[in-house]
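> Numbering (the working numbering), first residue to last: 1190 to 1433. Note that the Cβ used here is the ideal one computed from N, Cα and C, for glycine as well.
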């Protein structure tokens, strides 16, 4: 099963390279159900992997001018506070509840991916307080269950922040990296982390990102998003049914 788990790390990386985000949401299920890591440990381990891969994406998008630092300042502080709160909550709630919430988030992410792209919707500038509230809410999810929240950040940045899609994606990666770093701080010294697994998993995910990026011109993005959304939906239902 260890070999399968690390092979899936490459698959997660490939999905990240092909879709530009979303694949990292599978990190916790792979760590828990395939590699046998406890839920409590899997969440901070996921934060390391998701945060590191997102940071790599930020560097790439920043060079292309696709990161809106003003939006990061609008969302970021609240996201950091939310992540710290989420991590604090995670240390107090049961692993079962974390998995139930994770299952719901997986299904929500699947539905989000199946809907029309935010670029086709009407954009409008939202009040800063609304942006801060969204940042805090996504941050709580990041710290509580170890997801980056890109499927929520991207639509919010595009629809409410008024960003073009490519800038929304790049900016989202920056927010994810910040949220993951803050959430991880809430776990350090309070929850043991298997750094060997994190290192191997992360390196294989990076390898997958390179492969996925090279495959982009050869793969239908629309078909891939639908297939990946279907996978998230199935895994979400399984997580809700098993709850352990």
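#1: Are the beta-carbon atoms belonging to residue 1235 and residue 1256 less than 8 Å from one another?
#2: To which residues of the same chain is residue 1425 closer than 7 Å at the C-beta, ignoring the five residues directly before and after it?
#3: Once you ignore the five residues that flank residue 1330 on each side, which residues in its own chain have a CB closer than 7 Å to its CB?
#4: Residue 1419: buried (16+ other C-beta within 10 angstroms of its C-beta) or exposed?
#5: Any Cβ of chain C within less than 8 Å of the Cβ of residue 1333?
#6: Nearest to residue 1233 by CA position, among 1393, 1326, 1284, 1429, is which residue?
#7: What's the C-alpha gap between residue 1382 and residue 1219?
#8: What is the rounded straight-line gap between the Cα of residue 1261 and the Cα of residue 1344?
#9: Could you check what DSSP says for residue 1256 in three-state terms: helix, strand or coil?
#10: Under the rule that 16 or more other beta-carbon atoms within 10 Å means buried, what is residue 1230, buried or exposed?
#11: Taking only the alpha-carbon atoms, compute the straight-line gap between residue 1407 and residue 1396 and give it to the nearest angstrom.
#12: Could you please give the first and the last residue of the uninterrupted alpha helix (DSSP H) stretch that includes residue 1220?
#13: Taking the C-alpha atoms as reference points, what is the distance between residue 1308 and residue 1354?
#14: Rounding to the nearest angstrom, what Cα-Cα distance links residue 1414 and residue 1304 in this structure?
#15: For residue 1404, which residues of its own chain have a beta-carbon under 8 Å away from its beta-carbon, when the five flanking residues on both sides are left out?
#16: If you count every other CB in all the chains shown that lies within 10 Å of the CB of residue 1197, and 16 or more means buried, which is it?
#17: Would you mind sorting residue 1302 into buried or exposed? The rule is 16 or more other CB atoms within 10 Å of its CB.
#18: Out of 1365, 1377, 1317, point me to the one whose CA is closest to residue 1349's CA.
#19: Confirm, please, whether the CB-CB distance from residue 1364 to residue 1325 is below 8 Å.
#20: Over the uninterrupted alpha helix (DSSP H) stretch that includes residue 1355, give me the two end residues.
#21: For residue 1415, which three-state DSSP category applies?
#22: For residue 1282 and residue 1273, I'd like the C-alpha separation in whole angstroms.
#23: Pull up the CB-CB distance for residue 1195 and residue 1393, whole angstroms please, since I reckon it's below 8 Å.
#24: Just to check my reading of the structure: residue 1228 and residue 1288 have Cβ atoms closer than 8 Å, yes? What is that Cβ distance to the nearest angstrom?
Taking the definition as stated:
#1: Within the chain shown, the letter at position 46 stands for residue 1235. Within the chain shown, the letter at position 67 stands for residue 1256. The answer is no: Cβ separation not under 8 Å.
#2: Within the chain shown, the letter at position 236 stands for residue 1425. Answer for residue 1425: 1292, 1295, 1296, 1299, listed in chain order.
#3: The count along the chain shown starts at 1 and reaches residue 1330 at position 141. 1275, 1294, 1336, 1338.
#4: Position 230 of the chain shown, counted from the first residue, corresponds to residue 1419. Classification for residue 1419: exposed.
#5: Structure shown: chain C not included; a single protein chain is present.
#6: Start at 1 with the first residue of the chain shown, and residue 1233 comes out as number 44. Nearest C-alpha to residue 1233: 1284.
#7: Here residue 1382 corresponds to residue number 193 of the chain shown, with the count starting at 1. Here residue 1219 corresponds to residue number 30 of the chain shown, with the count starting at 1. In this structure, the CA atom of residue 1382 is about 16 Å from the CA atom of residue 1219.
#8: Working through the chain shown from its first residue, we reach residue 1261 at position 72. Working through the chain shown from its first residue, we reach residue 1344 at position 155. One Cα belongs to residue 1261, the other to residue 1344, and the distance between them is close to 14 Å.
#9: For the purposes of this step, residue 1256 is taken as the residue at position 67 of the chain shown. In the structure shown, residue 1256 sits in coil (DSSP, three-state: anything other than H, G, I, E or B).
#10: Counting from one through the chain shown, the residue named residue 1230 turns up at place 41. With 16 or more Cβ atoms within 10 Å of its Cβ, residue 1230 is classed as buried.
#11: Working through the chain shown from its first residue, we reach residue 1407 at position 218. Working through the chain shown from its first residue, we reach residue 1396 at position 207. Computed Cα separation, rounded: 18 Å.
#12: The residue you call residue 1220 lines up with position 31 of the chain shown. That residue, residue 1220, is in no alpha helix (DSSP H); it is neither H nor E in DSSP.
#13: Against the chain shown, residue 1308 aligns to sequence position 119. Against the chain shown, residue 1354 aligns to sequence position 165. Unreliable positioning characterises residue 1308 in this predicted model, as indicated by a pLDDT of 49, which lies under 50. The coordinate reading is nonetheless provided below. Roughly 6 Å separates the two Cα atoms.
#14: Reading the chain shown from its first residue, position 225 is the one you call residue 1414. Reading the chain shown from its first residue, position 115 is the one you call residue 1304. Roughly 10 Å between the two C-alpha positions.
#15: Position 215 of the chain shown holds residue 1404. If we look at residue 1404 and ignore the five residues flanking it on each side, its Cβ neighbours are 1203, 1206, 1207.
#16: For the purposes of this step, residue 1197 is taken as the residue at position 8 of the chain shown. The residue in question, residue 1197, is buried, as its Cβ has 16 or more Cβ neighbours within 10 Å.
#17: Mapped onto the chain shown, residue 1302 falls at position 113. By the 16-neighbour rule on beta-carbons within 10 angstroms, residue 1302 is buried.
#18: Counting from one through the chain shown, the residue named residue 1349 turns up at place 160. Out of 1365, 1377, 1317, 1317 has the C-alpha closest to the C-alpha of residue 1349.
#19: The count along the chain shown starts at 1 and reaches residue 1325 at position 136. The count along the chain shown starts at 1 and reaches residue 1364 at position 175. In this structure, residue 1364 does not lie closer than 8 Å to residue 1325 by Cβ.
#20: On the chain shown, position 166 is the one that residue 1355 refers to. Note, residue 1355: alpha helix (DSSP H), 1354 to 1376.
#21: Position 226 of the chain shown holds residue 1415. The three-state secondary structure of residue 1415, taken from DSSP, is helix.
#22: Counting from 1 along the chain shown, the entry for residue 1282 is found at position 93. Counting from 1 along the chain shown, the entry for residue 1273 is found at position 84. Distance between the alpha carbons of residue 1282 and residue 1273: 15 Å.
#23: The residue you call residue 1195 lines up with position 6 of the chain shown. The residue you call residue 1393 lines up with position 204 of the chain shown. Right, their Cβ atoms sit about 5 Å apart.
#24: One-based indexing of the chain shown puts residue 1228 at position 39. One-based indexing of the chain shown puts residue 1288 at position 99. Indeed, because the Cβ distance is near 6 Å, the residues count as touching under 8 Å.
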